[in-house]
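Okay, so the sequence shown: first residue is 270 according to the numbering used here, each after it adds one. Each remark here refers to the structure printed beneath this line.
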Amino acid sequence: CDVVNRGVAYEDGRLFVASFDGRLFALSSEDGSVLWEADTIVDRSKNYTVTGAPRLAAGNVIIGNGGGEFGVRGYITAYDTKTGSQSWRFYTVPGNPADGFENEAMEMAAETWTGEWWTLGGGGTVWDSMTYDPELDLLYVGVGNGSPWNIAERSPGGGDNLFLSSIVALRPATGEYVWHYQTTPGDQWDYTATQQMILADLEMDGKTIPALMQAPKNGFFYVLDRRDGTLLKADPYVKVTWAKGVDLATGRPNVVPEARYHQTKAGAPPYIGFPSPLGGHNWHPMAYSPNTNLVYLPAQDMNFPFVPDADFKPTQLAPNFGVDMHAIAMPPQQEVRDSIRKAAEGHLLAWDPVAQKEVWRVPHGGIWNGGVLATAGGLVFQGNRKGYLAAYDDRTGDKLWEMDAQTGIVAPPVSYAVDGEQYIAVVAGWGGAFPLALGEMSHLDEGPQVNRSRVLVFKLGGTASLPEKEPLIRAASTAPASFGTEEQIARGHVRYERFCGNCHGGTAVSGGVLPDLRYAAALSDQDLWF
Numbered sequence: 270c271d272v273v274n275r276g277v278a279y280e281d282g283r284l285f286v287a288s289f290d291g292r293l294f295a296l297s298s299e300d301g302s303v304l305w306e307a308d309t310i311v312d313r314s315k316n317y318t319v320t321g322a323p324r325l326a327a328g329n330v331i332i333g334n335g336g337g338e339f340g341v342r343g344y345i346t347a348y349d350t351k352t353g354s355q356s357w358r359f360y361t362v363p364g365n366p367a368d369g370f371e372n373e374a375m376e377m378a379a380e381t382w383t384g385e386w387w388t389l390g391g392g393g394t395v396w397d398s399m400t401y402d403p404e405l406d407l408l409y410v411g412v413g414n415g416s417p418w419n420i421a422e423r424s425p426g427g428g429d430n431l432f433l434s435s436i437v438a439l440r441p442a443t444g445e446y447v448w449h450y451q452t453t454p455g456d457q458w459d460y461t462a463t464q465q466m467i468l469a470d471l472e473m474d475g476k477t478i479p480a481l482m483q484a485p486k487n488g489f490f491y492v493l494d495r496r497d498g499t500l501l502k503a504d505p506y507v508k509v510t511w512a513k514g515v516d517l518a519t520g521r522p523n524v525v526p527e528a529r530y531h532q533t534k535a536g537a538p539p540y541i542g543f544p545s546p547l548g549g550h551n552w553h554p555m556a557y558s559p560n561t562n563l564v565y566l567p568a569q570d571m572n573f574p575f576v577p578d579a580d581f582k583p584t585q586l587a588p589n590f591g592v593d594m595h596a597i598a599m600p601p602q603q604e605v606r607d608s609i610r611k612a613a614e615g616h617l618l619a620w621d622p623v624a625q626k627e628v629w630r631v632p633h634g635g636i637w638n639g640g641v642l643a644t645a646g647g648l649v650f651q652g653n654r655k656g657y658l659a660a661y662d663d664r665t666g667d668k669l670w671e672m673d674a675q676t677g678i679v680a681p682p683v684s685y686a687v688d689g690e691q692y693i694a695v696v697a698g699w700g701g702a703f704p705l706a707l708g709e710m711s712h713l714d715e716g717p718q719v720n721r722s723r724v725l726v727f728k729l730g731g732t733a734s735l736p737e738k739e740p741l742i743r744a745a746s747t748a749p750a751s752f753g754t755e756e757q758i759a760r761g762h763v764r765y766e767r768f769c770g771n772c773h774g775g776t777a778v779s780g781g782v783l784p785d786l787r788y789a790a791a792l793s794d795q796d797l798w799f
């Protein structure tokens, strides 16, 4: 999903940041010196990474990890902010029962798994969102997808597979389990619940409810009572085909039979469902305004063919999906490729969390648009895939201002003040799972987006300007002569999509983050032999 970092934390002169290889650092905010360093990875033989931002609560700095598809077991760890000593660790999926369970929560979770899931890791990594409520003294943790995606490979007898795709409430001082709510029981679509959680007091049925709101990948917007995890609202905010609503009494989605793609009979058409594994909303943060009582979120509609991988074999050399990833490769006809790319639609959505309805939207012409900032001045700021940072009226969605950042923007803007003067800042740059794995689908009309990583800061009356935008220049692509049998070419196609396409793009079309292999002068046809 790219070598990214989603932020830092600060407290009492200490900056906390994690590195991609899983180390957590406390730095002096005065001179940048390392105050302490902790290795957060429990098993260096596994492909754990860290891309998320640390969170602070109860004297601890708390960090999760990524790598679910590479066969790891998810967990979060808390460290003392002053010393770096480990305070506690909470696993989000159970391990081998023969080794004993770390706590009663893991013993309970294990009852929802079948087979020998621990041999494949299970997934459930906490690679992004955590939120702390100081009044209730609860830390809310968003848990990721199952690994492999295909539940027939991961937990062949089915089951809810706790705590996959769940919001888990813990005591931040001890890591004690308090409650959980699972958005997608038995997840097999990569529907993580790692998306941002917003805490707000909402007026519902004449009562003020301490609420937790989340718009996870699965396409439903959830409102929970954050005291005990009771489900209050759940309605689709994007196109959803995998389930016909959520039962408020049980809290469970009404999954349609065809979405259980692992049960598809031979010869039957594949299940092509909404949302895709990229989600109706991915990691890009949403925002809430107490002035309008609206949530502003970067929503997106895109489907995906979920086809079981008949030749699945676990490996640490490539992601373990358990679904046939080469089935999504773009067809050779250019007009068909263009129609597929344009069918994926993203928009800035203003959502009423109490009425559970759309108030307004701003179309963006494609998915993977930036995180959102709402201000008390009645503005909503968002960057987008086309490379513009814009400000909108928070009640109407009217565009009031925009600026060409010369690169795609996926991060959220932030606001701060110095000596009474307000600034808006954003980390501009193009990257992530979408332009890596689905390169051609991320292209603009003029070609791939370019990554120009910068920090851009704005204020009223600012006079700075960016250097002139450099045109994208490429050498002509000369396709090598085809060789090999049809069977060999087909096998090479499958191997490329599994081992290479996730970064270099489906059918070797780059999305602008990594070099495009089709233009690599150093590569010959023999170099691409599988």
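Here a beta-carbon is modelled for each residue, glycine too, at the ideal position from N, C-alpha and C. The model shown is predicted, which means the values in this text are computed figures rather than measured ones.
Per DSSP, residue i forms a beta bridge with which residues?
i      : result
TRP357 : ALA347
ASP308 : ARG292
ASN235 : With the chain running from 270 to 799 in the structure shown, residue 235 is simply not present.
LYS502 : VAL492
SER684 : ILE693
VAL286 : PHE294
Taking just the CA atoms, how far does residue j sit from residue i?
i      : j      : result
VAL524 : LYS513 : 6 angstroms
VAL763 : GLY775 : 11 angstroms
TRP620 : PHE573 : 25 angstroms
ALA480 : ARG496 : 8 angstroms
ALA347 : ALA374 : 18 angstroms
ASP271 : VAL695 : 19 angstroms
PHE289 : PHE490 : 30 angstroms
ALA613 : ALA327 : 42 angstroms
GLN691 : VAL649 : 15 angstroms
ALA287 : GLY276 : 9 angstroms
MET399 : TRP448 : 15 angstroms
VAL330 : ASP349 : 6 angstroms
TYR409 : GLN675 : 36 angstroms
PRO681 : GLU766 : 31 angstroms
TRP382 : GLY427 : 7 angstroms
LYS626 : LEU407 : 29 angstroms
ALA821 : GLU385 : Within the shown structure, residues of the chain are numbered from 270 to 799, placing residue 821 beyond reach of any answer.
GLU709 : LYS611 : 11 angstroms
ALA295 : ILE678 : 28 angstroms
VAL724 : ALA697 : 6 angstroms
SER356 : ALA442 : 8 angstroms
GLY444 : GLU756 : 53 angstroms
SER779 : LEU707 : 8 angstroms
PHE799 : HIS773 : Its pLDDT being 43, under 50, PHE799 is placed unreliably in this model, and the coordinates cannot settle the point.
GLU306 : PRO526 : 49 angstroms
So, with DSSP's three-state summary, where would you put residue i?
i      : result
ALA295 : strand
GLN532 : helix
MET672 : strand
ALA750 : coil
SER558 : strand
ARG630 : strand
HIS616 : strand
VAL763 : helix
ASP281 : coil
ASN523 : strand
ALA702 : helix
VAL272 : coil
ASP578 : coil
THR318 : strand
THR665 : coil
THR510 : coil
GLY640 : coil
For residue i versus residue j, is the C-beta distance shorter than 9 angstroms?
i      : j      : result
ILE436 : MET466 : yes
ASN551 : ALA322 : no
ASP504 : LYS486 : no
ALA659 : ASN653 : yes
ARG342 : GLY390 : yes
ASN720 : GLY781 : yes
ASP397 : LEU433 : no
ALA231 : CYS769 : Outside the modelled stretch of the chain, which goes from 270 to 799, sits residue 231, for which no answer is possible.
LEU566 : LEU617 : yes
ILE541 : PHE575 : yes
ALA568 : VAL507 : yes
PHE643 : ASP663 : The question names Phe, but residue 643 is Ala in the sequence shown. Contact: yes.
ALA484 : GLY411 : no
TRP629 : SER711 : no
Compute the minimum distance between the beta carbon of residue i and the heavy atoms of the ligand FMN, and state whether it is under 8 angstroms.
i      : result
ASP271 : Ligands are entirely absent from the displayed structure, and the ligand FMN is therefore not among its contents.
Quick check on residue i - is its C-beta less than 9 angstroms from some C-beta in chain B?
i      : result
LEU500 : The structure shown contains no chain B; it is built from a single protein chain.
In chain order, each alpha helix (DSSP H) run of at least 4 residues that lies wholly inside the region 403-485: 420-423
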